[in-house]
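Residue numbers (the numbering used here): 288 to 561.
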C-alpha cells in the first residue's frame, strides 16, 4: 500500500501508521491500572502522529489529554479503534470536529471490540496455535518453537489490516463489522476448531490409567484395556469435563483445581488404583 493510498490528501504517511501500530502492539498491556487501564499505552502510541498534526502546544496538550481517559479493549482487534482515532485526529487538525466526539467513539467501541477480540483471539486463535506448539514440543520436535511465532505473524497481519481499515473507513467500519454476519461465522468456526484441537491435545497429553487386572481364560486382562476397548481415553475425558464443569460453576479458580489434581493423583496412586 502506497503512502498516497492510505488516505487522500493525508498529512500522515504509511510510515506514521506503522509507528503507531508498533507502539501499540508492544505496549498495549504494559500500562494497565484500575484507574486508566490501557489509556497510557494508547496515548503513547498516538504521540508521534499527534505531534505531527498539532504544532500548537495547547492543541497538542489537549489531544494528549483526550487519549489519557479510561480505555480498555482487546489489543489486536482494538487496532481498528486506534486507526479510527488517528483518522479523527487528522480530521480535527483541519476542521472544527469536537474533541469529545473522538473520546465518545473510543468509549463506545471499546466494549464491543473487546467482546470480538476476546472470543476470536483469546478463545480461538491463541489456544489453537499454542496447543499445536505444545503438542509438537511434547513429542520432542523442535517445530514447536516456530509454531509459537505464528501467533506473532497472525496478530501483526490482522492488527495492521484492521488499523488501516479503521483509518480509511472511520467509525462506520467497526459498526459494519459488528452488524455483518461474517464476523460471527468466523468466531464460531475458529472456536469449534480451537475446541477440537484442545480435545485432541487433552487426549494425547493426559495420562490416567487404571492399574487393576484380572485373569480370563488363562490370560491376564487389565481393566484399562477393557475401558480402551469401549471408549479410548474415557478417563482423561471425565477429568477434563469435571474441570470444565467446575470452572463453569465456580469461575476460573485454578488453585483449588491444581491442589485437587495433585492430591487425587497421590491418593489414587498410593491405593494402587492408578
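Glycine included, C-beta positions come from ideal geometry on N, C-alpha and C.
- Can you check whether the CB of residue 370 is closer than 7 Å to the CB of residue 450? The answer is yes: Cβ separation under 7 Å.
- Query: From residue 357 to residue 348, what does the alpha carbon distance come to, in whole angstroms?
  - Reply: For residue 357 and residue 348, the distance between alpha carbons rounds to 17 Å.
- Query: Secondary structure at residue 329, three-state DSSP: helix, strand or coil?
  - Reply: Helix at residue 329.
- Message: Does the segment 481 to 501 come into contact with the segment 329 to 347, if we say contact requires no fewer than three beta-carbon pairs (one atom in each stretch) closer than 8 Å?
- Response: No, the segment 481 to 501 does not touch the segment 329 to 347.
- Among 401, 302 and 318, the one whose alpha carbon lies nearest that of residue 335: For residue 335, the closest of 401, 302 and 318 by C-alpha to C-alpha distance is 302.
- Assess, as a yes-or-no matter, whether the segment 518 to 528 is touched by the segment 487 to 505 under the definition of 3 or more beta carbon pairs within less than 8 Å. Flag = yes, the segment 487 to 505 and the segment 518 to 528 touch.
- Assigned exposure category for residue 501 - 16 Cβ within 10 Å defines buried: Exposed, because fewer than 16 other Cβ atoms sit within 10 Å of the Cβ of residue 501.
- Message: Which same chain residues end up closer than 6 Å to residue 438 when comparing Cβ atoms and leaving out the 5 residues on each side of it in sequence?
- Response: For residue 438, where only same-chain residues beyond five positions count, the Cβ hits under 6 Å are 416.
- Query: Count the other CB atoms within 10 Å of the CB of residue 312; is the residue buried (16 or more) or exposed (fewer)?
  - Reply: Flag for residue 312 reads buried.
- Do you know how far the Cα of residue 392 is from the Cα of residue 445? The alpha-carbon separation between residue 445 and residue 392 amounts to approximately 21 Å.
- What's the C-alpha gap between residue 400 and residue 412? Those two C-alpha atoms are separated by around 16 Å.
- Buried or exposed for residue 288, please, with buried defined as at least 16 other CB atoms from any protein chain shown within 10 angstroms of its CB. Its pLDDT being 44, under 50, residue 288 is placed unreliably in this model, and the coordinates cannot settle the point.
- Message: By the DSSP assignment, the alpha helix (DSSP H) with residue 454 in it spans what residues?
- Response: Per DSSP, residue 454 is one residue of the alpha helix (DSSP H) stretching across 437 to 456.
- CB-CB length for residue 551 against residue 498, believed under 8 Å: Actually they are not in contact, since the Cβ atoms of residue 551 and residue 498 sit about 15 Å apart, beyond 8 Å.
- Message: Rounded to the nearest angstrom, what separates residue 387 and residue 540 at their Cα positions?
- Response: Looking at the backbone, the Cα of residue 387 and that of residue 540 are separated by about 40 Å.
- Item | Inter-residue spacing [alpha-carbon to alpha-carbon] between residue 509 and residue 495 | If you take the alpha carbons of residue 509 and residue 495, they lie about 14 Å apart.
- Message: Need the endpoints of the beta strand (DSSP E) that residue 422 sits in, please.
- Response: Where residue 422 is concerned, there is no enclosing beta strand (DSSP E), although the alpha helix (DSSP H) it sits in stretches over 413 to 425.
- Span separating the alpha-carbon of residue 443 from that of residue 561: Taking C-alpha positions only, residue 443 is separated from residue 561 by approximately 46 Å.
- Query: Can you tell me where the beta strand (DSSP E) with residue 506 in it begins and where it stops?
  - Reply: First-last of the beta strand (DSSP E) with residue 506: 506 to 509.
- Task: Give the straight-line distance between the Cα atoms of residue 554 and residue 421, rounded to the nearest whole angstrom.
- Result: Note on geometry: alpha-carbon atoms of residue 554 and residue 421 lie some 28 Å from one another.
- Query: For residue 352, is the classification buried or exposed, using 16 other Cβ atoms within 10 angstroms of its Cβ as the cut-off for buried?
  - Reply: By the neighbour-count criterion, in which a residue is buried when 16 or more other Cβ atoms sit within 10 angstroms of its Cβ, residue 352 is exposed.
- Task: With a threshold of 16 other CB atoms inside 10 Å of the CB of residue 397, please say whether the residue is buried or exposed.
- Result: It counts as buried.
- Message: Would residue 359 and residue 325 qualify as a contact pair, given that the criterion is a beta-carbon distance under 7 Å?
- Response: With respect to residue 325, residue 359 sits close: the two C-beta atoms are nearer than 7 Å.
- Message: With a threshold of 8 Å on Cβ separation, who are the neighbours of residue 299 within its own chain once the five nearest residues in sequence on each side are excluded?
- Response: Only 293, 336, 339, 340, 373 and 377 meet the Cβ criterion.
- Item | Cβ-based burial, residue 322 [other Cβ within 10 Å; buried from 16] | Counting of Cβ neighbours within 10 angstroms places residue 322 among the exposed residues, the total staying below 16.
- Message: Can you find the residues in the same chain that come closer than 8 Å, C-beta to C-beta, to residue 384, ignoring five residues on each side of it along the sequence?
- Response: So the qualifying residues of the chain are 375 and 378.
- Give the range of the beta strand (DSSP E) segment to which residue 501 is assigned. It spans 500 to 503 - the beta strand (DSSP E) in which residue 501 sits, taken as one unbroken run.
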